[in-house]
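Every number in this note's numbering is 771 more than the matching position in the sequence shown, counting from 1. All C-beta atoms, glycine included, are put in the ideal place defined by N, C-alpha and C. This report refers to the structure that appears directly beneath it.
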Amino acid sequence: AEPPPLSHKSTERWLPLGAAAAVGVFKNCFGDANALVRRNAFITLRGFTEDPNVGHEDWELWARAVLQGYTLQVIPLPIYWYRLGQGGMLSQSLGATQIAQVQLHANHARNIRPYLQRLAGWPEAQDLLRL
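Quick look at the structure:
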């Protein structure tokens, strides 16, 4: 992919690691919604969950897939450029405002769900994960 013009401010580059479940508890290392997924895997995993006004549905799906033993591969090349738009869910969870912190907490509560489900029957581990 062609990089954006030099006049655009770039804040970071992100290269996903792939199926690193231990890292995925803390940071989205899996990838994002720009993915190719086998239809039968998507259906078996029940696709993206729908939580109004909460992001990280892609992170949650990839964590669920990895924890259920699916293969997850990444392409170690910048094949697209992601732009944060004003008012988008991701941009709303950035910053130090109370609204941003509430959004960030809701997002992270969503992406740890697959881990909480995996730890069902071990409430002490679930409590640690919620910290």
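In terms of Cα proximity to N824, the closest of L890, W893, P774 and I870 is I870. Annotated as proximal: A834 and P885, with beta-carbon spacing under 8 angstroms. DSSP, reduced to helix, strand and coil, places Q839 outside both helices and strands of the structure shown, so it counts as coil.
Counting only the Cα atoms, A896 lies some 33 angstroms from L807. With fewer than 16 other CB atoms across the displayed protein chains lying within 10 angstroms of its CB, F819 is exposed. Distances from the alpha-carbon of L838 to those of I883, L848 and D822 put I883 closest. Here the alpha carbon of G802 sits roughly 22 angstroms from the alpha carbon of R901.
Between the alpha carbons of R881 and A891 lies a distance of about 16 angstroms. DSSP places Y886 in the helix class (H, G or I) of the three-state scheme.
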